[in-house]
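I have placed the structure first, in the form of structure tokens, so that the comments after it can refer back to it.
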Amino acid sequence: MARAPGELPPAVLQLIRRHLHSVLDVETLLLLRSQPETAWSASVLRIALYITEEAAAEHLAKLHAGGLLAATHDGEHATLYRYAPSAATARAVDELAVVYAQRKVRVIEVIYSGPLDSVRSFASAFRLRGPRRK
Amino acid sequence: MSFLQGMVGMCFAVAGLFFLRFWRDTRDRLFLLFALSFWLQALTRAGLSLAGQSDDTAYWYLVRLAAFLLIVVAIAMKNLGDDAED
Amino acid sequence: MISLAEATYLLCAATALLCVILLLRAFARSGVRLLLWSGICFIALALENGLLFLDLAVFTDVDLRLWRNGVALIGLLCLLFGLIWDDRVQR
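Residue numbers (this note's numbering), protein chains in the order written: chain A, 138 to 271; chain B, -11 to 74; chain C, 2 to 92.
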């Protein structure tokens, strides 16, 4: 497919636009993808990614809300997440994994590039109670 | 005067296109509703210009009402449990 | 008594004002300029509908169409400016 050298595959771009708004989103998703039989909780993710448990819980919940992870409860208030995307999304994530390994900087650039930030700010402005914390 | 109104209609239509693109990019239904709202506004201005009528005749104000109701619906939907998107 | 059309314009103005409040509040909080331009646009739309109401209900002898359309146009141009030109990442 003829494409400018800087361009990522369209499926990856769409995946990023819809679900992956920070590097941690990508790291979380790819980590869970690497061990699909494991059920992850926020406390386990915290250790794996060197982040706070709050942040871990937020990222997991967000990916779950986006339909990329399946959630179960283990009965002790902890939610466990497993990598469980649809078939089409799984293909996109596979592409993402390849691209992220080879061209991490470009992926990060795309994640943090312009209009989407302001666009999402526009939408979240209409929350009467104020924006969700990222 | 028609020209001015036509320009206003055109601006609404273009802004609506942007909202449509934002909907494509974010899948947030708010933008779809805003796009429709702005296009209804464009339609109102176009209709009024073409028919040469003033604003409180021939029910064009109902189209405008629909446009603003769409915005109200969008805001309501944003606040009533749309937690998947930001 | 006001007609249905006039009530509609008041309602539209009120909705636009709600948008103004939400957008400018978010702009004050985050500094994202698109919110400022959108806020200005909705101020203009609120004014336009307000003027429309006044045009029909109060100042029936004066034609405010120039003002109405002019205000709306300025507001929309601000919005389009924000959407097209003022597009930089603000981090």
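Every residue, glycine too, gets a C-beta built ideally from N, C-alpha and C.
Can you tell me whether residue i is buried or exposed, with buried defined as 16 or more other CB within 10 angstroms of its CB?
| i | result |
| --- | --- |
| residue 72/B | For residue 72/B, the predicted structure reports a pLDDT of 43, less than 50, and the residue's modelled location is therefore unreliable. The matter cannot be settled from this model. |
| residue 156/A | buried |
| residue 222/A | buried |
| residue 91/C | Residue placement at residue 91/C is poorly supported in this model, since its pLDDT is 45, which falls under 50; the coordinates still yield a value, given next. Burial call: exposed. |
| residue 158/A | buried |
| residue 238/A | exposed |
| residue 80/C | buried |
| residue 16/B | buried |
| residue 5/C | exposed |
| residue 171/A | exposed |
| residue 49/C | buried |
| residue 251/A | Note that residue 251/A scores 47 on pLDDT, short of 50, meaning its location in the model is unreliable; the coordinates nonetheless yield the value given after this. Exposed: under 16 other Cβ atoms inside 10 Å. |
| residue 19/B | buried |
| residue 270/A | With a pLDDT of 47 at residue 270/A, under the threshold of 50, the modelled position of this residue cannot be trusted, and the question is left open. |
| residue 7/C | buried |
| residue 38/C | buried |
| residue 49/B | buried |
| residue 63/C | exposed |
| residue 59/C | exposed |
| residue 177/A | buried |
| residue 220/A | buried |
| residue 56/C | buried |
In terms of residue numbering, what span does the alpha helix (DSSP H) encompassing residue i cover?
| i | result |
| --- | --- |
| residue 31/C | 5 to 31 |
| residue 147/A | 147 to 156 |
| residue -11/B | Here residue -11/B belongs to no alpha helix (DSSP H), and DSSP marks it neither H nor E. |
| residue 32/B | 17 to 39 |
| residue 74/C | 66 to 85 |
| residue 56/B | 48 to 67 |
| residue 49/C | 34 to 58 |
Mind reading off the beta-carbon distance from residue i to residue j? Whole number of angstroms is fine, and I expect it under 8 Å.
| i | j | result |
| --- | --- | --- |
| residue 208/A | residue 217/A | 7 Å |
| residue 168/A | residue 148/A | About 20 Å; that fails the 8 Å criterion. |
Does the beta-carbon distance from residue i to residue j come in below 7 Å?
| i | j | result |
| --- | --- | --- |
| residue -3/B | residue 34/B | yes |
| residue -1/B | residue 77/C | yes |
| residue 196/A | residue 150/A | no |
| residue 179/A | residue 193/A | yes |
| residue 75/C | residue 47/C | no |
| residue 68/C | residue 52/C | yes |
| residue 236/A | residue 166/A | no |
| residue 83/C | residue 35/C | yes |
| residue 53/B | residue 9/C | yes |
| residue 7/B | residue 22/B | yes |
| residue 248/A | residue 153/A | yes |
| residue 77/B | residue 55/B | Look at the range of chain B in this structure, -11 to 74, and you will see that residue 77/B is not part of it. |
| residue 25/B | residue -6/B | no |
| residue 263/A | residue 66/B | yes |
| residue 51/B | residue 32/B | yes |
**Message:** In chain order, what are the residue ranges of uninterrupted alpha helix (DSSP H) at least 4 long that sit wholly in the region 204 to 241 of chain A?
**Reply:** The alpha helix (DSSP H) runs lying completely inside the region 204 to 241 of chain A and spanning 4 residues or more are 224 to 239, given in chain order.
**Request:** Kindly provide the ranges of any alpha helix (DSSP H) runs that are 4 or more residues long and lie completely inside the region 153 to 203 of chain A, ordered along the chain.
**Result:** Listed in chain order, they are 160 to 171, 179 to 186 and 190 to 202.
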